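In what follows, a single structure is set out as structure tokens and then discussed.
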Amino acid sequence: MALYKTIGITLATLLVLGVVSITQAHAAYENYKPYYSVGDVKLKVTVKFSDNCWNTLKIRANARDNNHILLNSQIFHNETPSSGPAKDITTILKFKSIKVLDDVKNPSHRLRVYVVIDDGFQTKSKYFDYEEGRTQYSMTFHMTTNSAACGA
7 MALYKTIGIT
17 LATLLVLGVV
27 SITQAHAAYE
37 NYKPYYSVGD
47 VKLKVTVKFS
57 DNCWNTLKIR
67 ANARDNNHIL
77 LNSQIFHNET
87 PSSGPAKDIT
97 TILKFKSIKV
107 LDDVKNPSHR
117 LRVYVVIDDG
127 FQTKSKYFDY
137 EEGRTQYSMT
147 FHMTTNSAAC
157 GA
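The opening residue of the sequence shown carries number 7 in my numbering; numbering runs sequentially from there.
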């Protein structure tokens, strides 16, 4: 009976260690959940980097005519900046179309999506018209990174 207990404890320990090591191997980027988790429109945002020298990435979508109308946002932290190759980051941000279609607060019915690296080292924006009834959008940003994040 003691042998089964020892085998059970050993297997449980190996399982926990395996899960911890897999988690650590995939924890290069810490991402926070999007600000909103519901909406009738999905915005797929992909960010490509020149290398892995960056600390913080912020993605924000808002109504074009009123920056205070937040559609959604998400923040990513790079835990191990390096001059080596970088992974692309892709996220899906959901938002409610009614926020874009407000004729008083956003008469142009346009969206603004912008990406910021390291609190303003580089900022890029893209604008596009919202098409009523369309439920998916996709865009890609190509970012130059901050070599100071790698101690250069």
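Glycine included, every Cβ here is placed at the ideal spot set by N, Cα and C.
The model shown is predicted, which means the values in this text are computed figures rather than measured ones.
Residue span of the beta strand (DSSP E) that contains residue i, given as start and end
i             : result
valine 110    : Note, valine 110: premise wrong, no beta strand (DSSP E); not H, not E.
cysteine 134  : Per the sequence shown, the amino acid found at residue 134 is phenylalanine instead of cysteine. Start and end: 128 to 135.
histidine 148 : 142 to 149
threonine 52  : 47 to 55
tyrosine 38   : It is not in any beta strand (DSSP E) - tyrosine 38 carries neither H nor E in the DSSP assignment.
CA nearest to the CA of residue i, picked from the options
i            : options                      : result
glycine 139  : Ser103, Leu63, Ser56         : Ser103
leucine 99   : His115, Val119, Lys111       : Val119
threonine 97 : Ser88, Asp108, Ser79, Lys105 : Ser79
valine 122   : Gly45, Asp135, Ala67, Pro91  : Ala67
Close beta carbons around residue i, own chain, < 7 Å, minus the five adjacent residues each side
i             : result
threonine 160 : Beyond the ends of the chain as shown, which are 7 and 158, falls residue 160; an answer cannot be given.
serine 27     : The predicted position of serine 27 is uncertain, since its pLDDT is 34 and thus under 50; a value taken from the coordinates is nonetheless stated next. Correct list: empty, nothing qualifies.
alanine 155   : Cys59, Trp60, Asn61, Pro87, Asp124
Which of helix, strand or coil DSSP assigns to residue i
i          : result
lysine 105 : helix
alanine 69 : strand
serine 153 : helix
alanine 33 : For alanine 33, the predicted structure reports a pLDDT of 38, less than 50, and the residue's modelled location is therefore unreliable. A value from the coordinates is still provided. Looking at alanine 33 - three-state DSSP - the assignment turns out to be coil, as it is neither helix nor strand.
Same chain only: Cβ atoms within 6 Å of residue i, ignoring 5 sequence neighbours per side
i             : result
tyrosine 143  : Leu49
isoleucine 81 : Tyr38, Lys64
Same chain, Cβ closer than 8 Å to residue i, five either side skipped, listed in chain order
i            : result
aspartate 71 : Lys111, Asn112, Pro113, Ser114, Arg116
aspartate 94 : Thr52, Val53, Lys54, Phe55
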